[in-house]
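Undergrad:
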Amino acid sequence: GSLLSIFDVRRHAYFDAATAIIGFVQLGRYLEELAKSKMVHEVEDLVNMQAQNASLLQGDNESLVSIDKIQIGDVLLIRPGERIPVDGIVLSGLSSVNESMVTGSNTPCIKEKGHKLFDGGINGSGVLHMQATAIGKDTVLAGLVHMIDQTQSSKLQIQKTVDIFSARLTPAIMFLSALTFGGWVVRGEQVAHAFANAISVLLISCPCALGLATPAATSVSSGQAAKRKVYIRNGNALEQMATIDTIIFDKTGTLTDGHAKVASFLNISGLDDDYIVQLAASVEHNSEHLLGKAIVEYARSLELVILPTAKFHSIPDQGVRAEVDTLEVLLGNESWLEQQDIDVAVIQDTAKQWAKLGDTLIYLVIDNKLAALFSLRDHIRKGARELMDYLHSQGIETLMVTGDTKASALPIADLAGIDSVTANASPARKIKFIRDLQTKGRVVAMIGDGINDAPVLAAANVSLVVGNAVGIAVETADYILVDSDIRKVAEVLDISKQTLSVFS
Numbered sequence: 251g252s253l254l255s256i257f258d259v260r261r262h263a264y265f266d267a268a269t270a271i272i273g274f275v276q277l278g279r280y281l282e283e284l285a286k287s288k289m290v291h292e293v294e295d296l297v298n299m300q301a302q303n304a305s306l307l308q309g310d311n312e313s314l315v316s317i318d319k320i321q322i323g324d325v326l327l328i329r330p331g332e333r334i335p336v337d338g339i340v341l342s343g344l345s346s347v348n349e350s351m352v353t354g355s356n357t358p359c360i361k362e363k364g365h366k367l368f369d370g371g372i373n374g375s376g377v378l379h380m381q382a383t384a385i386g387k388d389t390v391l392a393g394l395v396h397m398i399d400q401t402q403s404s405k406l407q408i409q410k411t412v413d414i415f416s417a418r419l420t421p422a423i424m425f426l427s428a429l430t431f432g433g434w435v436v437r438g439e440q441v442a443h444a445f446a447n448a449i450s451v452l453l454i455s456c457p458c459a460l461g462l463a464t465p466a467a468t469s470v471s472s473g474q475a476a477k478r479k480v481y482i483r484n485g486n487a488l489e490q491m492a493t494i495d496t497i498i499f500d501k502t503g504t505l506t507d508g509h510a511k512v513a514s515f516l517n518i519s520g521l522d523d524d525y526i527v528q529l530a531a532s533v534e535h536n537s538e539h540l541l542g543k544a545i546v547e548y549a550r551s552l553e554l555v556i557l558p559t560a561k562f563h564s565i566p567d568q569g570v571r572a573e574v575d576t577l578e579v580l581l582g583n584e585s586w587l588e589q590q591d592i593d594v595a596v597i598q599d600t601a602k603q604w605a606k607l608g609d610t611l612i613y614l615v616i617d618n619k620l621a622a623l624f625s626l627r628d629h630i631r632k633g634a635r636e637l638m639d640y641l642h643s644q645g646i647e648t649l650m651v652t653g654d655t656k657a658s659a660l661p662i663a664d665l666a667g668i669d670s671v672t673a674n675a676s677p678a679r680k681i682k683f684i685r686d687l688q689t690k691g692r693v694v695a696m697i698g699d700g701i702n703d704a705p706v707l708a709a710a711n712v713s714l715v716v717g718n719a720v721g722i723a724v725e726t727a728d729y730i731l732v733d734s735d736i737r738k739v740a741e742v743l744d745i746s747k748q749t750l751s752v753f754s
């Protein structure tokens, strides 16, 4: 070609083929950088949501300070229209706050005393006093930014394989090209002809396409996911998700919408009803579980005061216990009470009736004696049935594994279209359930709310949390679906398959 023509004065050398190859390589790199820049813009949009200053209250004094001067425990004043500067809790006031950067929904959330606030939210028309609970890199918004950066810099397993393959292929191609040149020369061909064949081997075998395709695909996919308010913590999850054949769902806060309310209450203790509710709420006030919060809200609706507690202890998927007013108070499910040798037969008929409605049952025990029963009702999450229909069309089996009783779990499973239910499952049993499936060659995804599911999420091949994941959930989950739309699981699956199709 053109390279050989430089030795022949009778021919013109345009280097058209070489120019075209270099041009395509540079075009590929440009497209890769373009994909990455879109992702950078997503990060910049999140960073721009952070406030730069905040109004710090110290007694009767108010001062405007930079957010890097704020400490945990500081009390801040949030005026109408201002951004929330750090994560915190409302001390006083009533307002609506737009938290779309965390929830994905543009509908403002009502905030009052005791409610959580997230860095980057925009306050509505009310005035709020808040106490800082997380600052700097520990806020939810900072966690999302870090998560995107991690995904951008991480490599898929297939990308790592391609890199190793390309590194080993290059010297092999050089050797093969030299061998081609020598072979033609030995056969008596002209040097120019032998050289042309050797160059052809180099051009045809160039691994540039592989090297460019993999990072570009990762960047584009993570960018698409971020636009849908799905944040990928682990880049390898893009590859794993495409091969999933089984998805396990938790019940409360995952298949249900996470807005449980106390539907019924039965007191058999002989103590005043309000006092029993007060005891329950005082213990649950220390818990982050959705059902615990529902009991606390119920007590607040009755204008009951939360009492001081001591020796609080929480057991995931079982219950909570603490000392209140010198009493040992325990709240939990039936299986946990059975482990404590506490007889629940006296209210079993009522419990069965409430469970048939799909309610979750919480038993209250005082000083090792059954005292009351709470029935909490949650509604099936919007889009759950639609998601199951899609997953079934893709040949994916759907399972529910829950700590609730089977009677409570079956109505929700039937409404959602779940294939099968495993109930009364402790975290250890959930993990064993996943391990058994994996031993049979199944590729398992676990979807939970991230509160009590961290060890179980870690056991699955791919893990997803639905809702406002914080703390250990962010560290465990591969995907965070921040807007609580469970139908986004289908979009995650499609994005993963599209990413993997680039290499097939």
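Oh and the sequence shown: position 375 is 625 in my numbering, straight run, nothing missing.
Just so it is clear, CB atoms sit at the ideal spot from N, CA and C, and this is done for glycine as well.
A quick note: this is a predicted structure, and the numbers were derived from the prediction, not measured.
Alpha carbon to alpha carbon, what distance is there between A622 and I565?
TA: When rounded, the distance between both Cα atoms is 20 Å.
Undergrad: At what residues does the beta strand (DSSP E) containing Q308 begin and finish?
TA: Where Q308 is concerned, the enclosing beta strand (DSSP E) stretches over N303 to Q308.
Undergrad: Which two residues bound the contiguous beta strand (DSSP E) that contains D639?
TA: No beta strand (DSSP E) holds D639; the alpha helix (DSSP H) holding it covers A634 to S643.
Undergrad: Between which two residues does the beta strand (DSSP E) holding R571 run?
TA: G569 to V574
Undergrad: Which residues in the same chain have their Cβ closer than 7 Å to the Cβ of R478, if we skip the five residues on either side of it in sequence?
TA: Apart from sequence neighbours up to five positions away, the residues of its chain that approach R478 with a beta-carbon distance below 7 Å are K738 and E741, ordered along the chain.
Undergrad: Could you pull out every residue in the same chain whose Cβ sits closer than 8 Å to the Cβ of H563, ignoring the five residues on either side in sequence?
TA: V570, R571 and A572
Undergrad: Could you give the DSSP three-state label for Q300: helix, strand or coil?
TA: If DSSP states are grouped into helix, strand and coil, Q300 belongs with coil.
Undergrad: What residue from A384, L306, A487 and E332 has the CA that sits closest to D744's CA?
TA: With distances taken between Cα atoms, D744 lies closest to A487.
Undergrad: Measure the beta-carbon distance from V579 to L529 and round it to whole angstroms, keeping in mind my assumption that it falls under 8 Å.
TA: 5 Å
Undergrad: Using DSSP with H/G/I as helix, E/B as strand and the rest coil, what is D337?
TA: strand
Undergrad: If contacts are defined as beta-carbon pairs under 8 Å, then S346 and V377 qualify, I think. What distance do you get, rounded to the angstrom?
TA: Taking the Cβ atoms as the reference, S346 lies roughly 12 Å from V377, outside the contact range of under 8 Å.
Undergrad: Starting from K501, trace the alpha helix (DSSP H) both ways and give me its first and last residue.
TA: Unbroken run through K501: none, as it is neither H nor E.
Undergrad: What residues in its chain sit with their C-beta under 7 Å from that of G721, if we drop five residues either side in the sequence?
TA: Only weak support exists for where G721 lies, its pLDDT of 48 falling under 50; the value from the coordinates is given anyway. Hits under 7 Å: none found.
Undergrad: If you reduce the DSSP assignment to three classes, tell me which class I681 lands in.
TA: helix
Undergrad: Can you check which of these residues, S585, F425 and I730, is closest to T652 by C-alpha distance?
TA: S585
Undergrad: Using only CA atoms, which one of S450, A442 and I592 lies nearest to I423?
TA: S450
Undergrad: Alpha carbon to alpha carbon, what distance is there between L419 and P661?
TA: Our two residues, P661 and L419, have alpha carbons roughly 57 Å apart in a direct line.
Undergrad: Quick one: is P335 buried, meaning 16 or more other Cβ sit within 10 Å of its Cβ, or exposed?
TA: With a threshold of 16 other beta carbon atoms within 10 Å, P335 meets it and is buried.
Undergrad: Please specify which runs of the alpha helix (DSSP H), each continuous and at least 4 residues long, are wholly inside the stretch 511–575, giving them in chain order.
TA: Correct list: 523–534 and 540–551.
Undergrad: On the DSSP letters alone, give me the boundaries of the beta strand (DSSP E) that A382 sits inside.
TA: L378 to A384 is the extent of the beta strand (DSSP E) around A382.
Undergrad: Going by Cα to Cα distance, which pick from Q590, F499, R329 and A392 is closest to A673?
TA: F499
Undergrad: Span of the alpha helix (DSSP H) holding K656?
TA: K656 to A666
Undergrad: Measuring alpha carbon to alpha carbon, tell me which of D495, Q300, H629 and E636 ends up nearest G691.
TA: D495
Undergrad: Does the distance from the C-beta atom of G331 to that of I372 stay below 9 Å?
TA: yes
Undergrad: Which residue's Cα is closest to the Cα of S537: G582, S713 and D639?
TA: G582
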